[in-house]
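In the numbering used here, the protein residues as written are 1 to 518.
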């Protein structure tokens, strides 16, 4: 098994070395070289340079809803003169400090390069520069011909200056983007989550972002101690089994398998030794959801101000997505694990205290996943009710995303039996909890998981056919595949997940010990 895993890792390294992934990662907020540590190269291109090798894989895995692709020739004077115009628009959507990230990915393909001849022919490129618009996934799997009926890819016939290109985009989207927009200003295109059911599919990227961000906070603040160690292990066990993102499940499994190596049970380390240990694993654990996560921006959870929404929103979505996926036998242990995780690792002191008080008020153990789903939903509403009052008094709320009782009637009218307002303006609702439960399971379960897309590297591996396909139930690591398969078998036998996870970790530790002895 170790040899198989090693071969897979070698294949990954070979593909990564042979493909120019750095330009593609720019659209996800990842910069190479010195730009990764500091402010980056101010002159670096915001548009993503693609070629026939990575074109399909990158666009298939793109989280943006739309793509603009410029087909050009490097020898063309008009193309060279057009590049500053194209870049000016691309900086609004692709740059690390983009005013509107996560909406449109803007890419370029050099048709003068022989490797791209067939690709440019596929899209009927007959002049330069040549601009096409459409969903990223359609570029990955389709072609385009003039006067083609029912095509989601369209020719941008009036985009020869940055102003005209952006005007074309605004007409197409019904938006009002401006070349003068700055980050967290003029947020006219922010999704209004309270009225658009489909927006939750974008939250898969924020759930990944929140997971990576949470782990990084734990590492940065050296929060793994003898009294908090088991709390982190238990939440990782839940992430391995129920995280809606495959790559986060895999990353959590890798971290869990190696947990005892990074943080020995006794943890009798000096402060200096502990710091060195954390530094040695920091970069590895930073990739718990893949190398391109965290991306540095939010999509479903993005606020209209830098200080609103973001991580706290992503963490709530993660917790909801976990509770709707567990089995009845896991409800009490999951409740305890979530409460302990927030108590030990959520760094906002007041928030942590309020949440743990609500956890402590639960006197009867949970017997079903339905009970836990509804408890977390009710708890979230109570938190929002308290914050509504505080934000109204202090003026600190997000004007584009005011706190609301969830779910609003627009999303789930059947959840409401009746509603009224008190003298102070607070909303009182007589909930149909059966309908609320069904809504939450669909919203945070079926809709969220359906938005899963392969990672950029996984798509490249499939396209290059250097490694076998990676299915949604498998992993690149054989060490992770076997325990997950065993987990399913034990689950069918109606064993509790806590016992399963404990058995899993024991097996992994024994396997590693045998390897060391050999």
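Backbone N, C-alpha and C fix where the C-beta goes; we use that ideal spot for every residue, glycine too.
Treat the numbers as computed from the prediction; the structure is a model and nothing was measured.
Contact check, residue i vs residue j, beta carbons under 9 Å
i           : j           : result
residue 217 : residue 347 : yes
residue 87  : residue 47  : yes
residue 132 : residue 163 : no
residue 67  : residue 136 : yes
residue 369 : residue 323 : yes
residue 168 : residue 156 : yes
residue 245 : residue 211 : yes
residue 51  : residue 113 : yes
residue 239 : residue 259 : no
residue 204 : residue 448 : yes
residue 206 : residue 298 : yes
residue 443 : residue 407 : yes
residue 49  : residue 142 : no
residue 250 : residue 445 : no
residue 123 : residue 59  : no
residue 234 : residue 340 : yes
residue 316 : residue 380 : yes
residue 208 : residue 313 : no
residue 223 : residue 311 : no
Given residue i as reference, the closest of the options once Cα atoms are compared
i           : options            : result
residue 537 : 219, 137, 355, 301 : Only positions 1 to 518 of the chain appear in the structure, and residue 537 is not among them; the question remains open.
residue 179 : 53, 93, 447        : 93
residue 82  : 165, 113, 112, 103 : 165
residue 231 : 333, 170, 249      : 333
residue 336 : 314, 364, 350      : 364
residue 438 : 311, 321, 415, 349 : 415
residue 213 : 225, 248, 227, 202 : 248
residue 264 : 49, 226, 254       : 226
residue 308 : 391, 160, 223, 360 : 391
residue 99  : 355, 305, 161      : 305
residue 427 : 149, 138, 384      : 384
residue 375 : 224, 405, 148, 320 : 320
residue 56  : 200, 116, 45       : 116
residue 295 : 95, 394, 389       : 95
residue 130 : 74, 138, 424       : 74
residue 429 : 446, 445, 382, 402 : 382
residue 102 : 360, 201, 148, 349 : 201
residue 177 : 257, 89, 262       : 89
Identity of the residues DSSP links to residue i by a beta bridge
i           : result
residue 132 : 69, 155
residue 89  : The partner list for residue 89 (beta bridge, DSSP) is empty, contrary to what the question assumes.
residue 428 : 420
residue 110 : 72
residue 50  : 109
residue 104 : 66
residue 302 : 309
For residue j and residue i, the rounded distance between their alpha carbons
i           : j           : result
residue 303 : residue 436 : 26 Å
residue 422 : residue 387 : 17 Å
residue 63  : residue 293 : 12 Å
residue 69  : residue 158 : 14 Å
residue 458 : residue 215 : Its pLDDT being 44, under 50, residue 458 is placed unreliably in this model, and the value from its coordinates should be taken loosely. Approximately 23 Å, taken between the alpha carbons.
residue 419 : residue 134 : 42 Å
residue 85  : residue 120 : 22 Å
residue 228 : residue 353 : 16 Å
residue 479 : residue 241 : Low per-residue confidence applies at residue 479: pLDDT is 28, beneath 50, and the placement is therefore not dependable enough to give any value.
residue 72  : residue 287 : 35 Å
residue 80  : residue 91  : 17 Å
residue 243 : residue 330 : 14 Å
residue 18  : residue 254 : Note on residue 18: pLDDT 36, under 50, position unreliable in the model; the coordinate value appears next. Computed Cα separation, rounded: 25 Å.
residue 433 : residue 219 : 39 Å
residue 405 : residue 105 : 34 Å
residue 109 : residue 150 : 24 Å
residue 111 : residue 128 : 9 Å
residue 377 : residue 160 : 50 Å
residue 76  : residue 199 : 41 Å
residue 343 : residue 172 : 47 Å
residue 125 : residue 78  : 15 Å
residue 44  : residue 291 : 21 Å
residue 356 : residue 362 : 10 Å
residue 373 : residue 396 : 29 Å
residue 389 : residue 318 : 25 Å
residue 360 : residue 65  : 42 Å
residue 400 : residue 118 : 45 Å
Any non-hydrogen atom of the ligand FMN closer than 8 Å to residue i Cβ
i          : result
residue 99 : By its list of ligands, the structure shown contains no ligand whatsoever, and the ligand FMN lies outside what it can speak to.
Which runs of the alpha helix (DSSP H) at least 4 residues long sit entirely within the stretch 192-240? Give them in chain order. 203-220
Completely contained beta strand (DSSP E) runs for the stretch 337-403, where each covers 3 or more residues: none
3-residue-minimum beta strand (DSSP E) runs that sit fully inside the stretch 307-333, ordered along the chain: none
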